[in-house]
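Below: one structure, written as structure tokens.
There are 2 protein chains.
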Amino acid sequence: MTAYDRRRRVTIADVAGHAQVSTTAVSKVLRNAYGVSPAMREKVQAAIDELGYRPHAAARAMRGRTFTVGVLLPHIRNPFFADVLDGLMDQLAGTGYQAIIVQGGGADPEAERRAVEALTDRQVDGMLMIAPLASKADLEETARTTALVVLGRHDRSAVYDSVFDDDETGAELVVGHLLALGHRRIAHISQKDGSRVRPAELLHTIRARTYRRVMEEHGLADEVAVATTSYTEEGGYLGARELLARPSRPTALFAGADLAAFGALAAIHEAGLAVPGDISLAGYDNTRTAALAHISLTSVDQDGATMGGTAGRLLLERIGGRTSAVRFSVTPTLVPRRSTGPSPDGETRGGAAAG
Amino acid sequence: MTAYDRRRRVTIADVAGHAQVSTTAVSKVLRNAYGVSPAMREKVQAAIDELGYRPHAAARAMRGRTFTVGVLLPHIRNPFFADVLDGLMDQLAGTGYQAIIVQGGGADPEAERRAVEALTDRQVDGMLMIAPLASKADLEETARTTALVVLGRHDRSAVYDSVFDDDETGAELVVGHLLALGHRRIAHISQKDGSRVRPAELLHTIRARTYRRVMEEHGLADEVAVATTSYTEEGGYLGARELLARPSRPTALFAGADLAAFGALAAIHEAGLAVPGDISLAGYDNTRTAALAHISLTSVDQDGATMGGTAGRLLLERIGGRTSAVRFSVTPTLVPRRSTGPSPDGETRGGAAAG
DNA sequence: AAAAAAACGGGTAACGTTACCCATGCGATC
DNA sequence: GATCGCATGGGTAACGTTACCCGTTTTTTT
Chain V
1 MTAYDRRRRV TIADVAGHAQ VSTTAVSKVL RNAYGVSPAM REKVQAAIDE LGYRPHAAAR
61 AMRGRTFTVG VLLPHIRNPF FADVLDGLMD QLAGTGYQAI IVQGGGADPE AERRAVEALT
121 DRQVDGMLMI APLASKADLE ETARTTALVV LGRHDRSAVY DSVFDDDETG AELVVGHLLA
181 LGHRRIAHIS QKDGSRVRPA ELLHTIRART YRRVMEEHGL ADEVAVATTS YTEEGGYLGA
241 RELLARPSRP TALFAGADLA AFGALAAIHE AGLAVPGDIS LAGYDNTRTA ALAHISLTSV
301 DQDGATMGGT AGRLLLERIG GRTSAVRFSV TPTLVPRRST GPSPDGETRG GAAAG
Chain E
1 MTAYDRRRRV TIADVAGHAQ VSTTAVSKVL RNAYGVSPAM REKVQAAIDE LGYRPHAAAR
61 AMRGRTFTVG VLLPHIRNPF FADVLDGLMD QLAGTGYQAI IVQGGGADPE AERRAVEALT
121 DRQVDGMLMI APLASKADLE ETARTTALVV LGRHDRSAVY DSVFDDDETG AELVVGHLLA
181 LGHRRIAHIS QKDGSRVRPA ELLHTIRART YRRVMEEHGL ADEVAVATTS YTEEGGYLGA
241 RELLARPSRP TALFAGADLA AFGALAAIHE AGLAVPGDIS LAGYDNTRTA ALAHISLTSV
301 DQDGATMGGT AGRLLLERIG GRTSAVRFSV TPTLVPRRST GPSPDGETRG GAAAG
């Protein structure tokens, strides 16, 4: 059917023929297996180099290892994931493992399931799932057949590792910062996920829950306002529009992710409001864009590179045979910038603002 | 060695047993092959559903198709690639093809080669390579064994398809816009790639070459100033620092990519200069960040989603058997925003500015 | 009514690799 | 000097799927 020439590939048999040895011997050399003399190793290696042989990953998958780790990403647009991936790649460099990435379709659990299946079907040796929406039971099912590390969830599982930042602390830092600036009407932009099961370990759930708790602890239960859209630019834009249209307009917005904060920025600007004069804005992830002087967005840093690197290390350990479960948590820090400032309400409590 | 249970997988033989037919029959149903009755199809499909069978991609790879397309991305950080990928995913949805992404290590051709090999080793049915650095000969070698579409290069090859925007027009639009605003000392930030061969079809080469040409056409050969760093935030920052430090400071900066423009923005701010008062800044790609009110970066839109979608369509066609080569080009448009304004030099020609 | 053609179902040999075995030869041990 | 053990190399059966056959039945054509 295809016009492509798949036969040209050099196989282990070609190498064996060229080196005048058995295919078994070549396989042993490739795997550093026991029972090959230095002379044999050298001879085979020479043939491999000469013929430019590369192992056929699919054929390997039929028997043993693929030397591949799969990464599930909700969407590549979020730059925080780029930090994570940088950390992972660094960790994988020189190990012989290759990372392949699949995109899980944002907030759609069905698309995510398909993406995970694709990874399973390709027999990856291990998986790193970033902020997955699947239920814990689903994850454990996956972990039964594949080494699994989950990043961005606080799960406590016996069969897979978790890497996350302390989202509770992160959210406390933001809300506390805004409260200290005199804000009372603080609103939050969160993410809606299509999962029917709503795992309390999802990071956006924790950020929203913590926001609510801190507000209540400060007697501001009545001021709680959450727009549940998504951690994207569009989501932030829509969420901010919704919140700004409220009769009692918030003086501060805590977006659960920088990306959403950027969208909110557009909505705020469109409404003719000034940041932080009329409204303070804070995000989460401390992306590079947040650091730009013209944006100068207050955010929470969670060191994605370290998280990604750790996840990679844990994954390799797990592929190597570790069966005990590890939970690794990083403590986030607040990075205050110019997008947050004193509340325009000053000490004045309550009072409805313009619509 | 591994503690993971790979045997649990449902195979075609299980389905055949359950449906009381041969494995051949099941395979035929799966492939929609000729010679299966409606009754047979129904019976087999029922068994497939009941057992939750999924084809084993690696086993398929040994014989025929993997229903996988590989995407080579220089780096996932660049949001323009997210647009491209969105277009590709839309095109692939419902076709049964899965996209797997590998990251090619930015400007390092060696890392890129490894990433492409990883895709080849995994027997993808087709590849989309985004802005690859490899030589045309290398690409054609790859195209010999795999359906190939290259995005972001102007290559004229007989064995693979090219999708690109007219970078010459794009660069002309930017430089023309800046010239019309009275700028004379216009500098450019380009990308250095590690390739020894320097294919004239690389997009950053074209943008830089066109910048130079237009400058010369306007008698500004002496004002040509190019910093060759990279299309990243760091690259833009370093490039802008270098250019701003010149004895005759430019009044306008044309960054070859938005990402680099953001870095340049930081450098400009650090130097205590105002945009566009002291210096105008333009990018390329029209990313969402560029559209943010606080950034408002003049840029060039090249509709990444359309490019990605087209690339996907061409790839599917090619996998389907097309052997003729297609070149698809989109015409970019200028999106003027507030980051560009009249030259502070006014009509005054020449004259060195402060250091 | 006979012959030809089409439709349908199944057997089987690959695809490239690895893991388990076994065979050989050699030095060390008693 | 016979036996043992170990180092070394190779034979071979999978792994799950598909493509090429071939045999049988059913339909169409003459």
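Line by line, the protein sequences give chains V and E. Taking full-length UniProt numbering, the leading residue of the first sequence gets 1, the next gets one more, and so forth. Taking full-length UniProt numbering, the leading residue of the second sequence gets 1, the next gets one more, and so forth. Beta carbons: idealized from backbone N, C-alpha and C, even for Gly. For clarity, every value in this text was computed on a predicted model and none was experimentally measured.
Note to self: At the level of alpha carbons, what is the spacing between residue 238 of chain V and residue 129 of chain V?
What the structure shows: For residue 238 of chain V and residue 129 of chain V, the gap between their C-alpha atoms comes out near 28 Å.
Check: What first and last residue would you give for the beta strand (DSSP E) that runs through residue 70 of chain E?
Finding: Start and end: 68-73.
Notebook entry, point to check: Shortest alpha-carbon distance to residue 164 of chain V belongs to which of V:301, V:20, V:14?
Noted result: Out of V:301, V:20, V:14, V:301 has the C-alpha closest to the C-alpha of residue 164 of chain V.
Next item on the list: Output, in chain order, the set of chain E residues within a Cβ distance shorter than 8 Å of residue 378 of chain V.
Entry: Beyond the ends of chain V as shown, which are 1 and 355, falls residue 378 of chain V; an answer cannot be given.
Note to self: Let me confirm a value: residue 190 of chain E is counted as buried when at least 16 other C-beta atoms fall within 10 Å, else exposed. Which label applies?
What the structure shows: Looking at its Cβ environment, which holds 16 or more other Cβ atoms inside 10 Å, residue 190 of chain E is buried.
Item checked: Alpha-carbon to alpha-carbon, residue 203 of chain V and residue 348 of chain V -> Note that residue 348 of chain V scores 44 on pLDDT, short of 50, meaning its location in the model is unreliable and no value can be drawn from it.
Notebook entry, point to check: Are the Cβ atoms of residue 255 of chain V and residue 283 of chain V separated by less than 8 Å?
Noted result: For the 8 Å CB-CB criterion, residue 255 of chain V and residue 283 of chain V form a contact.
Next item on the list: Return the CA-CA distance between residue 81 of chain V and residue 299 of chain V, expressed in angstroms with no decimal places.
Entry: It is roughly 16 Å from the alpha-carbon of residue 81 of chain V to the alpha-carbon of residue 299 of chain V.
Notebook entry, point to check: First and last residue of the beta strand (DSSP E) that includes residue 280 of chain E?
Noted result: Its beta strand (DSSP E) spans residues 280-282.
Item checked: Cβ-based neighbour list, residue 67 of chain V, same chain, cut-off 6 Å, excluding 5 preceding and 5 following -> 96, 97, listed in sequence order.
Next item on the list: Residues of the segment 167-201 of chain E with a CB closer than 9 Å to any CB of chain V: list them in chain order, please.
Entry: From the segment 167-201 of chain E, no residue has a Cβ closer than 9 Å to chain V.
Item checked: Boundaries of the beta strand (DSSP E) in which residue 56 of chain E is found, first to last residue -> Bounds of any beta strand (DSSP E) do not take in residue 56 of chain E, whose DSSP letter is neither H nor E.
Notebook entry, point to check: Are there 16 or more other CB atoms within 10 angstroms of the CB of residue 216 of chain V, so buried, or fewer, so exposed?
Noted result: Label assigned to residue 216 of chain V: exposed.
Notebook entry, point to check: So, is residue 155 of chain E buried or exposed, given that buried needs 16 or more other C-beta atoms within 10 angstroms?
Noted result: Counting the other Cβ atoms within 10 Å of the Cβ of residue 155 of chain E gives 16 or more, which makes it buried.
Item checked: residue 241 of chain E beta carbon near the ligand HEM (any heavy atom closer than 7 Å) -> Ligands in the displayed structure: none, and consequently the ligand HEM is not present.
Next item on the list: Measure the CB-CB distance between residue 264 of chain V and residue 253 of chain V and report whether it falls below 8 Å.
Entry: A contact, by the Cβ cut-off of 8 Å.
Notebook entry, point to check: Going by the CB atoms, is the gap between residue 145 of chain V and residue 116 of chain V shorter than 8 Å?
Noted result: One thing to note: residue 116 of chain V has its Cβ no nearer than 8 Å to the Cβ of residue 145 of chain V.
Next item on the list: Taking all protein chains shown into account, decide if residue 185 of chain V is buried (16 or more other Cβ within 10 angstroms of its Cβ) or exposed.
Entry: Residue 185 of chain V should be labelled buried.
Next item on the list: Have a look at residue 353 of chain E and residue 247 of chain E and give me their C-alpha separation to the nearest angstrom.
Entry: For residue 353 of chain E, the predicted model reports a pLDDT of 41, less than 50, meaning its position is unreliable; a value from the coordinates is still stated below. Each residue's alpha carbon lies about 7 Å from the other.
Note to self: Counting C-beta neighbours from all protein chains within 10 Å, is the total for residue 276 of chain E 16 or more, i.e. buried, or is it exposed?
What the structure shows: Buried.
Next item on the list: From the DSSP output, read off the bridge partner residues of residue 98 of chain E.
Entry: DSSP, once it has assigned bridges, lists E:68 as partnering residue 98 of chain E.
Next item on the list: For my contact list, residue 90 of chain V and residue 309 of chain V are in at a C-beta cut-off of 8 Å; report their separation, rounded to the angstrom.
Entry: For residue 90 of chain V against residue 309 of chain V, the beta-carbon gap comes to about 6 Å, under 8 Å, which counts as contact.
Margin query: Quick check on residue 126 of chain E: does DSSP put it in helix, strand or coil?
Written below: Strand.
Note to self: Does the structure place the segment 316-327 of chain V close enough to the segment 148-162 of chain V that three or more beta carbon pairs sit under 8 Å?
What the structure shows: Segments in contact, yes.
Notebook entry, point to check: Which residues in chain E sit within 8 Å of residue 103 of chain V, going by Cβ to Cβ distance?
Noted result: Chain E residues near residue 103 of chain V: 85, 89, 99, 101.
Check: So what's residue 148 of chain V in DSSP terms, helix, strand or just coil?
Finding: Here DSSP, grouped into helix, strand and coil, assigns residue 148 of chain V to strand.
Checklist line | Close-in-space but distant-in-sequence residues of the same chain around residue 79 of chain V (CB under 6 Å, 5 per side omitted) | finding: Cβ neighbours of residue 79 of chain V beyond the five flanking positions: 287.
Check: Given residue 319 of chain E, which residues of its chain have a CB within under 7 Å of its CB, disregarding the five upstream and five downstream residues?
Finding: For residue 319 of chain E, where only same-chain residues beyond five positions count, the Cβ hits under 7 Å are 125, 126, 147.
Margin query: Assuming residue 189 of chain V is part of the beta strand (DSSP E), what are its boundary residues?
Written below: For residue 189 of chain V, the uninterrupted beta strand (DSSP E) run begins and ends at 186-191, by DSSP.
Margin query: Just checking: is the beta-carbon of residue 280 of chain E within a distance shorter than 8 Å of some beta-carbon in chain V?
Written below: For residue 280 of chain E, the answer is no, since every Cβ of chain V falls outside 8 Å of its Cβ.
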